[in-house]
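Reviewing the structure listed below.
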Amino acid sequence: MKWPFGRRKQGAIDILNGAEWACRSCDAAHRGMFDLACNHPDPWNGGSEYEPNSALDLDRDFLSEDFCVIGSEHFLVRCVLEIPVHSLADKFGFGCWSSLKREHFETYVDHFDGGTVPETGPWWGWLCNRLTPLTEDQPVGCWMFPQPGRQRPVLRVDDEDHPLARAQSEGISPEDLLRVYAEHGHAPLA
Ligand SMILES: [Zn+2]
């Protein structure tokens, strides 16, 4: 065994801990860990352009950065689902959409501009975006916790045996998070 041994191979924890990394499939210079965000719920069939929140109309298909209405019967809210990552101080955030019953959706909208927290939460809804490989095509039930000051509501998976619920309670490894990134089009250059 002789010097020089060269540099230590960069691991997942190094990549997520702040160094800039080149992506195999997009032009962004990623820096450490970043959140993934879904423009719209997976069942949305319209365009990706947002209307202003003020144009919200429950009687037609509608998409803004915070609200979505599909077929005048499905009401969805932009949320965040957080997952701890082992050895990292910050949590990974999945910017995603959850459905709500119409009455809860209306309560959420009523409190939105004032940034106050409704007294009736948390509310139950369906997570309407996949986070592969932690979720499959089956819908995932979640509790939605409204937050003060116009922060996005926080989702907590209801079924504690679901892999996504275990990820939320036990955390995932840095390698697991890189696998999630890769599934969503962001993989470090080998
Ligand atoms: Zn990328």
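In this note's numbering, the protein residues as written are 220 to 409.
Here a beta-carbon is modelled for each residue, glycine too, at the ideal position from N, C-alpha and C.
**Q.** Distance CB(Thr354)-CB(Leu383) smaller than 8 angstroms
**A.** yes
Q: List the whole-angstrom C-beta distance separating Val336 from Pro367, where the pair is believed to meet the contact cut-off of C-beta under 8 angstroms.
A: 5 angstroms
Q | the region 271 to 291 contacting the region 228 to 244, beta-carbon criterion three pairs below 8 angstroms | A | no
**Q.** Cys242 beta carbon near ligand 1 (any heavy atom closer than 7 angstroms)
**A.** yes
Q.
Among the candidates His405, Val399 and Ala247, whose CA atom is the shortest distance from the CA of Arg349?
A. Val399
**Q.** Backbone CA spacing between Asp254 and Trp222 [nearest angstrom]
**A.** 40 angstroms
Q: Grab the span of the beta strand (DSSP E) containing Ile232 for me, first residue to last.
A: No beta strand (DSSP E) contains Ile232, which is instead part of the alpha helix (DSSP H) from Ala231 to Leu235.
**Q.** Nearest-angstrom Cβ-Cβ length linking Ser312 and Arg297, presumed shorter than 8 angstroms
**A.** The sequence shown places Gly at residue 312, rather than the Ser named in the question. No, Gly312 and Arg297 are not in contact; Cβ-Cβ is about 12 angstroms, not under 8 angstroms.
Q) Roughly how far, in whole angstroms, is the beta-carbon of Ala231 from the beta-carbon of Glu389, given that I think they are within contact range, below 8 angstroms? A) 17 angstroms between Cβ atoms; not a contact.
Q) Can you check whether the CB of Cys245 is closer than 8 angstroms to the CB of Leu295? A) no
Q. For Pro407, which of Phe224, Ala248 and His259 has the nearest alpha-carbon?
A. Ala248
Q | Host beta strand (DSSP E) of Phe253 (start-end) | A | That residue, Phe253, is in no beta strand (DSSP E); it is neither H nor E in DSSP.
Q: Consult DSSP for Ala238 and reduce its assignment to one of helix, strand or coil.
A: coil
Q. Quick one: is the Cβ of His293 within less than 7 angstroms of any heavy atom of ligand 1?
A. no
Q.
Give me the residue from Gly290, Asp380 and Ser317 with the minimum Cα distance to Val373.
A. Ser317
Q: Flag this pair as yes or no: are the beta carbons of Trp342 and Leu319 separated by less than 8 angstroms?
A: yes
Q: Would you list the one or two residues that DSSP bridges to Val296?
A: Phe286 and Ser317
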